[in-house]
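Asker:
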Amino acid sequence: DAGITQSPRYKITETGRQVTLMCHQTWSHSYMFWYRQDLGHGLRLIYYSAAADITDKGEVPDGYVVSRSKTENFPLTLESATRSQTSVYFCASRGLAGGGTYEQYFGPGTRLTVT
Amino acid sequence: AQKVTQAQTEISVVEKEDVTLDCVYETRDTTYYLFWYKQPPSGELVFLIRRNSFDEQNEISGRYSWNFQKSTSSFNFTITASQVVDSAVYFCALSEARGSNYKLTFGKGTLLTVNP
Chain G
341 DAGITQSPRY
351 KITETGRQVT
361 LMCHQTWSHS
371 YMFWYRQDLG
381 HGLRLIYYSA
391 AADITDKGEV
401 PDGYVVSRSK
411 TENFPLTLES
421 ATRSQTSVYF
431 CASRGLAGGG
441 TYEQYFGPGT
451 RLTVT
Chain W
27 AQKVTQAQTE
37 ISVVEKEDVT
47 LDCVYETRDT
57 TYYLFWYKQP
67 PSGELVFLIR
77 RNSFDEQNEI
87 SGRYSWNFQK
97 STSSFNFTIT
107 ASQVVDSAVY
117 FCALSEARGS
127 NYKLTFGKGT
137 LLTVNP
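Read top to bottom, the protein sequences are chains G and W.
Numbers 341 to 455, taken from this note's numbering, label the letters of the first sequence in order.
Numbers 27 to 142, taken from this note's numbering, label the letters of the second sequence in order.
Take a look at the structure:
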């Protein structure tokens, strides 16, 4: 029962480079989410996806791109990394609300440092 | 717009003390969901509980209990006989039932330190 996994767990990259954070869930959950966690800001939603090929912006989407070609994967790409994107990134998933699942389950997080 | 306020930024207690973490929320929806998550020093976010807006029963799970009061828009979390392993950041979150998004809005979190 792997649940929801993220890779890499730690990443150091340079300003201007493209980096992709991976998220994979084994529950076949419809919804997937990307958050960033920063001191003083708590958890902020970057993007979310209601199903394969359906994505939408969250609170802080600028500088990020997502895709979801398969239900189980939801990669997050920083097209040209900036120091302000240094953060801990969490992926989460949730089943269909009609099935009684409203809570989100989180991956272990990816700590990204942009130098 | 929905909002969650956790006024206590940090709380420090001695083991075996009871501690209550406060959570106040704002929403215009009549149907919504409230959650508590725990983030221990290892960093993962662990789901603890969900309450529905139409169910005001308090809940107890071992040493944990939750008090939901719609009249004061509060969803407080009490740990009885705290232990060192309870040391973590605790987040309260709110989800409105608009459309099918059910996006979570988190409070800023309360850092609980339980000292031996």
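Here a beta-carbon is modelled for each residue, glycine too, at the ideal position from N, C-alpha and C.
Do you know whose CA, among W:111, W:121, W:58 and W:27, lies nearest residue 68 of chain W's CA?
Answerer: Ranking the options by Cα distance to residue 68 of chain W, first place goes to W:111.
Asker: With which residues is residue 105 of chain W paired in a DSSP beta bridge?
Answerer: Per DSSP, W:45 and W:90.
Asker: Return the chain-ordered ranges of every beta strand (DSSP E) run that is complete within the stretch 399-453 of chain G and spans a minimum of 3 residues.
Answerer: Listed in chain order, they are 404-406, 416-418 and 427-434.
Asker: Flag this pair as yes or no: are the beta carbons of residue 449 of chain G and residue 357 of chain G separated by less than 9 Å?
Answerer: No, the Cβ-Cβ distance between residue 449 of chain G and residue 357 of chain G is not below 9 Å.
Asker: Looking at the structure shown, is residue 393 of chain G part of a helix, part of a strand, or coil, going by DSSP?
Answerer: Coil at residue 393 of chain G, not helix or strand.
Asker: Check whether chain G comes within 9 Å of residue 108 of chain W, counting only Cβ atoms and requiring the distance to be less than that.
Answerer: Residue 108 of chain W does not count as touching chain G.
Asker: So is residue 174 of chain W in contact with chain G if we call contact Cβ pairs under 9 Å?
Answerer: Any answer about residue 174 of chain W is impossible in this case: the structure gives chain W only from 27 up to 142.
Asker: Could you check whether residue 40 of chain W and residue 119 of chain W sit closer than 9 Å to each other, using their CB atoms as the reference points?
Answerer: No, Cβ-Cβ distance for residue 119 of chain W and residue 40 of chain W is not below 9 Å.
Asker: With 9 Å as the threshold, decide whether the Cβ of residue 113 of chain W is near any Cβ in chain G.
Answerer: Answer no: the Cβ-Cβ gap between residue 113 of chain W and chain G never drops below 9 Å.
Asker: Per the DSSP calculation, residue 52 of chain W is bridged to which residue(s)?
Answerer: Answer is W:29, bridged to residue 52 of chain W.
Asker: With distances taken between CB atoms, is the gap from residue 375 of chain G to residue 434 of chain G smaller than 9 Å?
Answerer: No, the Cβ-Cβ distance between residue 375 of chain G and residue 434 of chain G is not below 9 Å.
Asker: Thinking C-alpha only, which one of W:91, W:77 and W:46 is nearest residue 123 of chain W?
Answerer: Closest by alpha carbon: W:77.
Asker: Chain W beta carbons: is any one of them nearer than 9 Å to that of residue 350 of chain G?
Answerer: Not closer than 9 Å to any Cβ of chain W, the Cβ of residue 350 of chain G fails to qualify, so no.
Asker: Using a cut-off of 9 Å between C-beta atoms, extract the partners of residue 401 of chain G located in chain W.
Answerer: Those do not exist, as residue 401 of chain G stays about 13 Å from chain W at its closest Cβ, beyond 9 Å.
Asker: If the cut is a Cβ gap below 8 Å, which residues of chain G does residue 103 of chain W touch?
Answerer: The premise fails here: residue 103 of chain W is roughly 15 Å from chain G at the closest Cβ pair, so nothing lies under 8 Å.
Asker: Can residue 360 of chain G and residue 417 of chain G be called in contact, C-beta distance under 9 Å?
Answerer: Going by C-beta atoms, residue 360 of chain G is nearer than 9 Å to residue 417 of chain G.
Asker: Compare the Cα-Cα distances from residue 456 of chain G to each of G:412, G:414 and G:421 and report the closest residue.
Answerer: Residue 456 of chain G lies beyond the stretch modelled for chain G, which goes from 341 to 455, so this question has no answer here.
Asker: CA-CA distance, residue 72 of chain W and residue 63 of chain W?
Answerer: The alpha-carbon atoms of residue 72 of chain W and residue 63 of chain W are separated by roughly 5 Å.
Asker: Taking buried to mean at least 16 other C-beta atoms within 10 Å of its own C-beta, is residue 129 of chain W buried or exposed?
Answerer: Buried.
Asker: Tell me where the beta strand (DSSP E) around residue 71 of chain W begins and ends.
Answerer: Neither: residue 71 of chain W is in no beta strand (DSSP E) and is coded neither H nor E.
Asker: Quick one: grab the DSSP three-state call for residue 21 of chain W.
Answerer: Past the edges of chain W, shown from 27 to 142, lies residue 21 of chain W, and the structure says nothing about it.
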